[in-house]
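Q:
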Amino acid sequence: MISRYVALAGLVTFSAPLWAQPATTKLDTVSGVPQIDKTSQTQDIRLRTDRDDRMTVPIHLSGAGPYQFLVDTGADRTAVSRELVGRLALPSAGKVELHSISGVSEINTARVQDVQLTRQPHTIEAAVLDGANMGADGIVGADLLRSERVEFDFEKQTMTVVPSTTPDFRNEGETIVVRAWRKNGRLVVTDADIGGERVTVVLDTGSDISMGNEALRRRGATGAIVDLRDAVELQSVTGAKIMGDVMSIRQMTIGGIQLNNLSVVITDAHTFKQLGLRDRPALLLGMNAMRAFKKVSIDFANKKFRVVMPEHSQLETQVASRGGH
């Protein structure tokens, strides 16, 4: 049997209070990512905030639906809930190994026809997971996003998934574009540093909070990272749990963008090993960082991370000079 590999690493939930941020932190971070209003059926979908809910979009499968799927740029494979597989009698597509933040496990897959995210239907082999662990009917991964652009308008509280060929907001306000590259389907940014040291950043909309590896923790000796002395428990899409420590990054630059006092969970997540990032400083950039901006777009086809800076804000987010500060 030929082994295949699936990675659904970005989606995590917290089974303990998340963190206590220092009083000086002005970043717009939240303990849970807003969920999309289930009454909307359009591609431009309004967000709302519910406890323990995250970002979802309405997806049609094999002519049925819509069903609520999480949008996770940190997952390389789309997943569907075990309950939905039974309800729609989706055929089995065999077993694969799934890589999550907690490790590797063997899971079933299902063949899903006519998956409609935007206008182009797809036929995919989706990982089958428990809906309770995902918190939704399924996960939209990078395999469905490879020709799309995910846009967030945090002022209007909307999210849009559109083809990458659709005109974007490049001429709006103070816009910064950061080039990225692909690794296992994800978008990765290498033009980033913390305390003057290079950091690899993986864009991850499926995680409520940003996560760093142990190599990043060791950089705390430079004073760039502050230990907030708060431990949390993270739960993966498989239901397995790992522990992490909450810390604050005093200053971080990504391309021409500077973020101050960014809360992160430092953990020995399997994701870093799977991406070959275990031994060098790396960060999964979650929604608590992205919500600091007015708008964000993640363009998979063109490998670009684009942000519009807030015009009038108390957020400690600013344009950094290329030479750093």
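Position one of the sequence shown corresponds to residue 0 (numbering that gives the first Met the number 0), numbered consecutively onward.
Don't be surprised by glycine CBs; every beta carbon is placed ideally from N, CA and C.
Note that the structure is predicted; figures quoted are calculated from it, not measured.
(1) Is DSSP giving ASP142 helix, strand or coil here?
(2) Look up VAL95 in the DSSP assignment and give the residues it is bridged to.
(3) Taking VAL188 as the reference, give the member of ASP71, ASP203 and GLY243 with the closest Cα.
(4) Got a sec, what are the start and stop residues for the alpha helix (DSSP H) ALA135 sits in?
(5) Measuring straight from C-alpha to C-alpha, what distance separates LYS25 and MET308?
(6) Taking VAL95 as the reference, which of VAL127, LEU87 and ASP229 has the closest Cα?
(7) Using a Cβ-Cβ cutoff of less than 8 Å, which residues in the same chain neighbour LYS302 once the five nearest sequence positions on both sides are dropped?
(8) What are the boundary residues of the alpha helix (DSSP H) that includes LEU276?
(9) Can you tell me which residues form a DSSP beta bridge with SER259?
(10) Where does ALA74 sit, in a helix, a strand or coil, going by DSSP?
(11) Shortest alpha-carbon distance to HIS269 belongs to which of SER262, LEU83, ALA281 and ILE297?
(12) I need the straight-line Cα distance from ARG145 to MET133, nearest angstrom please.
(13) Given this structure, state the Cα-to-Cα distance separating GLY137 from ALA288, to the nearest angstrom.
(14) How about ARG218 and GLY194: do their beta carbons lie closer than 7 Å?
(15) For the pair the stretch 97-111 and the stretch 153-169, tell me if three or more CB-CB distances fall below 8 Å.
(16) On the DSSP letters alone, give me the boundaries of the alpha helix (DSSP H) that GLU213 sits inside.
(17) Given this structure, state the Cα-to-Cα distance separating LEU274 from THR199, to the nearest angstrom.
(18) What are the start and end residues of the alpha helix (DSSP H) that includes VAL84?
(19) Would you please state the rounded distance, in angstroms, between the beta carbons of ASP278 and MET246? I believe it to be under 8 Å.
(20) Where does the unbroken beta strand (DSSP E) through ALA126 begin, and where does it stop?
(21) For ARG81 and THR122, what's the separation of their Cα atoms in angstroms?
(22) May I ask which residues mark the beginning and end of the beta strand (DSSP E) holding ALA191?
(23) Within its chain, find whatever has a CB closer than 6 Å to the CB of ARG216; leave out the 5 residues flanking it on each side and keep chain order.
(24) Helix, strand or coil for GLN34 per DSSP?
(25) Roughly how many whole angstroms lie between the Cα atoms of PHE292 and ARG148?
(26) If you draw a straight line from the alpha carbon of ASP129 to that of GLU173, how long is it in whole angstroms?
A: On the basis of the coordinates in this document:
(1) By 1-based counting over the sequence shown, the position of residue 142 is 143. Helix.
(2) Position 96 of the sequence shown, counting from 1, holds the residue named residue 95. Looking at the DSSP output, VAL95 bridges to ILE106.
(3) Taking the first residue of the sequence shown as position 1, residue 188 is located at position 189. Closest option to VAL188, Cα to Cα, is ASP203.
(4) The count along the sequence shown starts at 1 and reaches residue 135 at position 136. Premise fails: ALA135 is in no alpha helix (DSSP H) and is neither H nor E.
(5) Sequence index remark: in the sequence shown, residue 25 carries index 26 (1-based). Sequence index remark: in the sequence shown, residue 308 carries index 309 (1-based). Bear in mind that the predicted position of LYS25 carries a pLDDT of just 29, short of 50, making it unreliable; the figure below should be weighed with that in mind. Their backbone Cα atoms lie some 15 Å apart in a straight line.
(6) Taking the sequence shown and counting its residues from 1, one reaches residue 95 at position 96. Considering only alpha carbons, the answer is VAL127.
(7) As a position in the sequence shown, residue 302 is number 303, starting the count at 1. Closer than 8 Å at the Cβ level, and outside the excluded window around LYS302, lie ARG178, ALA179, TRP180, ARG181 and LEU186.
(8) Translated into the one-based positions of the sequence shown, residue 276 becomes position 277. Note, LEU276: premise wrong, no alpha helix (DSSP H); not H, not E.
(9) By 1-based counting over the sequence shown, the position of residue 259 is 260. Checking the sequence, you will find Asn at residue 259 rather than Ser. Beta-bridge pairing links ASN259 to GLN250.
(10) For the purposes of this step, residue 74 is taken as residue 75 along the sequence shown, with counting starting at 1. ALA74: strand per DSSP, three-state reduction.
(11) By 1-based counting over the sequence shown, the position of residue 269 is 270. Check the Cα spacing between HIS269 and each of SER262, LEU83, ALA281 and ILE297: the tightest is with ALA281.
(12) Translated into positions along the sequence shown, residue 145 becomes position 146. Translated into positions along the sequence shown, residue 133 becomes position 134. Each residue's Cα considered, the two are about 22 Å apart.
(13) Here the question's residue 137 lines up with position 138 in the sequence shown. Here the question's residue 288 lines up with position 289 in the sequence shown. GLY137 and ALA288 have their C-alpha atoms spaced approximately 24 Å apart.
(14) Here residue 218 refers to the residue found at position 219 of the sequence shown. Here residue 194 refers to the residue found at position 195 of the sequence shown. Going by C-beta atoms, ARG218 is nearer than 7 Å to GLY194.
(15) Because the criterion of three Cβ pairs below 8 Å is not met, the stretch 97-111 and the stretch 153-169 do not touch.
(16) The count along the sequence shown starts at 1 and reaches residue 213 at position 214. Judged by DSSP secondary structure, GLU213 falls within the alpha helix (DSSP H) whose first and last residues are 213-216.
(17) Start at 1 with the first residue of the sequence shown, and residue 274 comes out as number 275. Start at 1 with the first residue of the sequence shown, and residue 199 comes out as number 200. Their Cα atoms are separated by approximately 11 Å.
(18) Translated into the one-based positions of the sequence shown, residue 84 becomes position 85. Taken as a continuous stretch (DSSP letters only), the alpha helix (DSSP H) holding VAL84 covers 81-87.
(19) Here residue 278 is taken as the residue at index 279 of the sequence shown, counted from 1. Here residue 246 is taken as the residue at index 247 of the sequence shown, counted from 1. The C-beta separation of ASP278 from MET246 comes to about 19 Å, leaving the pair out of contact by the 8 Å criterion.
(20) Within the sequence shown, the letter at position 127 stands for residue 126. Start and end: 120-128.
(21) As a working note, residue 81 is residue 82 in the sequence shown. As a working note, residue 122 is residue 123 in the sequence shown. Computed Cα separation, rounded: 18 Å.
(22) Start at 1 with the first residue of the sequence shown, and residue 191 comes out as number 192. Annotation for ALA191: the continuous beta strand (DSSP E) segment containing it runs 191-193.
(23) Against the sequence shown, residue 216 aligns to sequence position 217. Only residues of its own chain outside the window of five on either side were considered, and among them ILE265 have a CB closer than 6 Å to the CB of ARG216, listed in chain order.
(24) Here the question's residue 34 lines up with position 35 in the sequence shown. Here GLN34 scores only 32 on pLDDT, less than 50, and its place in the model should not be relied on; the value that follows carries that caveat. In the three-state reduction of the DSSP assignment, GLN34 falls in the strand class.
(25) If you number the sequence shown from 1, residue 292 lands on position 293. If you number the sequence shown from 1, residue 148 lands on position 149. Between PHE292 and ARG148, the alpha-carbon positions lie close to 17 Å from each other.
(26) Residue mapping note: residue 129 aligns to position 130 of the sequence shown, counting from 1. Residue mapping note: residue 173 aligns to position 174 of the sequence shown, counting from 1. Note on geometry: alpha-carbon atoms of ASP129 and GLU173 lie some 42 Å from one another.
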